[in-house]
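Chains as they are written, first to last, in the numbering used here: chain A, 2 to 137; chain B, 2 to 137; chain C, 2 to 137; chain D, 2 to 137. By construction, the Cβ of each residue, glycine as well, lies at the ideal position given by its N, Cα and C atoms.
There are 4 protein chains.
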Amino acid sequence: MSERVTGPAASGGAPTLEELRQRLVDFAAARRWEPFHTPKNLAAALSVEAGELLEIFQWLTPEQAAEVMSDPDRAHRVRDEVADVLAYLVQFCTAVGVDPLAALAAKIERNEHRFPVPGAASVNPNVNPDAGDQPL
Amino acid sequence: MSERVTGPAASGGAPTLEELRQRLVDFAAARRWEPFHTPKNLAAALSVEAGELLEIFQWLTPEQAAEVMSDPDRAHRVRDEVADVLAYLVQFCTAVGVDPLAALAAKIERNEHRFPVPGAASVNPNVNPDAGDQPL
Amino acid sequence: MSERVTGPAASGGAPTLEELRQRLVDFAAARRWEPFHTPKNLAAALSVEAGELLEIFQWLTPEQAAEVMSDPDRAHRVRDEVADVLAYLVQFCTAVGVDPLAALAAKIERNEHRFPVPGAASVNPNVNPDAGDQPL
Amino acid sequence: MSERVTGPAASGGAPTLEELRQRLVDFAAARRWEPFHTPKNLAAALSVEAGELLEIFQWLTPEQAAEVMSDPDRAHRVRDEVADVLAYLVQFCTAVGVDPLAALAAKIERNEHRFPVPGAASVNPNVNPDAGDQPL
Chain A
2 MSERVTGPAA SGGAPTLEEL RQRLVDFAAA RRWEPFHTPK NLAAALSVEA
52 GELLEIFQWL TPEQAAEVMS DPDRAHRVRD EVADVLAYLV QFCTAVGVDP
102 LAALAAKIER NEHRFPVPGA ASVNPNVNPD AGDQPL
Chain B
2 MSERVTGPAA SGGAPTLEEL RQRLVDFAAA RRWEPFHTPK NLAAALSVEA
52 GELLEIFQWL TPEQAAEVMS DPDRAHRVRD EVADVLAYLV QFCTAVGVDP
102 LAALAAKIER NEHRFPVPGA ASVNPNVNPD AGDQPL
Chain C
2 MSERVTGPAA SGGAPTLEEL RQRLVDFAAA RRWEPFHTPK NLAAALSVEA
52 GELLEIFQWL TPEQAAEVMS DPDRAHRVRD EVADVLAYLV QFCTAVGVDP
102 LAALAAKIER NEHRFPVPGA ASVNPNVNPD AGDQPL
Chain D
2 MSERVTGPAA SGGAPTLEEL RQRLVDFAAA RRWEPFHTPK NLAAALSVEA
52 GELLEIFQWL TPEQAAEVMS DPDRAHRVRD EVADVLAYLV QFCTAVGVDP
102 LAALAAKIER NEHRFPVPGA ASVNPNVNPD AGDQPL
């Protein structure tokens with residue numbers, strides 16, 4: 002039911018994000034869709050697709066949500082919406098010239114300073130332990 | 002202003018999605034945040050962050066939106082929100098056991114059949130040329 | 002903590018939706034904001050604000066979410082985001098010439114046919130009892 | 002194409018928000034849907050529906066978006082999504098005990114102080130004229 006997502010097997014033959022990005026660029030170019038792919042439109046489309054992913058979960062209890070992939074129809078919808086979100090995110094990044102992997106690496110580094118591990122030597126006293134402050 | 006997003010330089014030393022995924026897993030584990038990272042919560046958080054990215058563009062004209070990265074403050078916000086969206090997408094995928102790169106590769110293949118290139122031998126007559134039918 | 006939301010007291014002196022709509026029109030006109038208030042921008046802003054309302058709940062358990070109004074700060078945020086969502090919905094409707102109360106009344110009537118009460122004489126056999134089919 | 006949204010005709014015989022709220026309460030009770038209607042679920046559903054409204058506009062130019070109601074199919078979708086957003090907003094407010102009209106009235110008053118009319122006697126020097134600061 003679940004694809005392996007860790008370990009060497011995950012990358013064996015799997016496409017890289019950059020390869021998929023190039024396929025999306027070619028796909029849109031072949032269909033002459035570039036004029037629609039403005040940063041504003043792609044940001045809207047990304048938000049719409051994230052809503053469609055959330056829709057799968059909106060009426061589920063936490064317990065039902067944890068089992069979402071054991072229902073084949075829901076599992077297909079989840080993979081489909083994950084793909085749409087990632088596709089629009091990658092296309093948005095191409096339109097504005099941002100490298101999403103570099104942006105995430107930089108953010109993780111900022112968050113390691115902003116949210117020090119509890120019990121570590123220098124705890125930031127300004128961090129509210131409330132869950133609302135979770136960055137990730 | 003814009004990072005290089007194509008060519009060999011982009012991957013030279015840049016982290017892979019799998020490396021970033023592992024750092025996010027470790028980050029959450031060190032802070033004992035896993036109990037919050039249910040599929041339903043992460044789908045909600047992903048949608049919230051996609052909304053924050055859209056917020057940057059909501060009052061901009063298409064022309065202003067095309068120049069968004071020439072304003073340093075806006076450019077920083079764009080990179081920051083891209084990172085948040087990608088972080089939650091990756092963490093959601095980890096929680097449900099989906100490989101986002103495999104999901105996107107499968108979707109691109111389905112779309113290549115669903116939206117044939119105009120003028121190609123067998124055009125699907127059921128495809129409405131209206132932009133609303135764009136998958137990506 | 003909670004305002005009375007039913008009974009005659011609720012409407013005694015309270016503004017109507019139409020009165021609030023007119024105040025929003027005047028407010029935007031006085032600040033010359035009408036050029037920003039296009040249907041597309043307002044639909045984006047509505048979605049962004051709905052995300053901000055959801056953000057309050059994203060890490061809460063169902064039990065914590067049920068008690069959200071007992072925390073004064075969260076209660077204020079909830080009221081503030083409800084106001085923003087309603088404001089943009091009303092302004093969107095003004096921009097496209099739709100009466101939101103008439104639209105909702107028509108939808109309720111359609112749903113009364115689409116989702117007959119279980120056990121009533123003519124149950125629609127096509128309705129999937131799965132929660133995903135809930136319209137409202 | 003557009004309903005009258007101003008003037009006495011708009012309220013002549015039209016339902017009030019409170020009347021529609023009561024119908025939604027009765028509708029959910031008859032179908033035993035109350036257990037699904039938690040604050041968190043309704044906030045998620047509201048965000049999902051706001052995304053569906055935005056979806057109508059995502060690929061449209063500002064000019065096409067301004068004419069959205071001249072296409073009967075799109076006009077129907079717009080009314081349908083407006084109804085869904087308002088239905089979930091009202092049901093969310095019922096679940097948390099907030100009066101949406103009172104919340105909006107209070108917010109408009111706060112915004113009248115926060116965003117004084119340009120040229121009026123005491124202009125708030127802290128207000129950034131950038132459109133990003135628009136509250137409504």
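Assign residue i to one of three DSSP states: helix, strand, or coil.
i         : result
ARG33(D)  : coil
HIS77(A)  : helix
THR17(B)  : coil
ARG62(B)  : For the sequence presented, residue 62(B) should be read as Thr rather than Arg. In the structure shown, THR62(B) sits in coil (DSSP, three-state: anything other than H, G, I, E or B).
GLY8(A)   : The pLDDT assigned to GLY8(A) is 39, lower than 50, so where the model puts this residue is not dependable, and the model offers no usable value.
ASP134(B) : For ASP134(B), the predicted structure reports a pLDDT of 47, less than 50, and the residue's modelled location is therefore unreliable. A value from the coordinates is still provided. It is helical.
For the candidate residues the options, whose alpha-carbon lies nearest to that of residue i?
i         : options                                  : result
PRO36(C)  : GLU53(B), ALA31(B), GLN59(B)             : GLN59(B)
GLN92(A)  : PRO16(A), ALA46(A), THR17(A)             : ALA46(A)
ARG75(B)  : GLU53(B), THR95(B), LEU21(B)             : GLU53(B)
ARG80(D)  : HIS38(D), LEU55(D), PRO117(D), SER48(D)  : LEU55(D)
ALA96(D)  : HIS114(C), ARG115(C), PRO63(C)           : PRO63(C)
ILE57(C)  : SER48(D), GLN65(D), LEU61(D), ILE57(D)   : SER48(D)
LYS108(C) : GLY120(D), PRO73(D), ARG78(D), PRO117(D) : ARG78(D)
LYS41(A)  : PRO73(B), LEU21(B), ALA51(B), PHE116(B)  : ALA51(B)
GLN65(B)  : LEU61(A), PRO73(A), THR39(A), GLU82(A)   : THR39(A)
PRO16(D)  : ALA106(C), LEU90(C), ARG111(C)           : ALA106(C)
GLU19(D)  : LEU61(D), GLU82(D), LEU90(D)             : LEU90(D)
LEU43(B)  : LEU61(C), LEU43(C), ALA44(C)             : LEU61(C)
GLU82(C)  : CYS94(D), PRO119(D), VAL118(D)           : CYS94(D)
In the DSSP assignment, find the alpha helix (DSSP H) that holds residue i and state where it starts and stops.
i         : result
ASP71(A)  : For the sequence presented, residue 71(A) should be read as Ser rather than Asp. Element bounds for SER71(A): n/a, residue is neither H nor E.
HIS114(C) : 101-115
PRO119(B) : That residue, PRO119(B), is in no alpha helix (DSSP H); it is neither H nor E in DSSP.
GLY52(C)  : 40-58
### Query
Is it true that the region 85-104 of chain D meets the region 93-105 of chain C, where meeting means three or more beta-carbon pairs spaced less than 8 Å apart?
yes
### Query
Just checking, does the region 67-81 of chain A make contact with the region 68-84 of chain B on the three C-beta pairs under 8 Å criterion?
no
### Cβ contact (3+ pairs, closer than 8 Å) linking the region 21-32 of chain B and the region 27-45 of chain A
no
#### Entry: chain F contacts from the region 40-60 of chain D (Cβ-Cβ distance under 7 Å)
Absent from the structure: chain F. Protein chains present are A, B, C and D.
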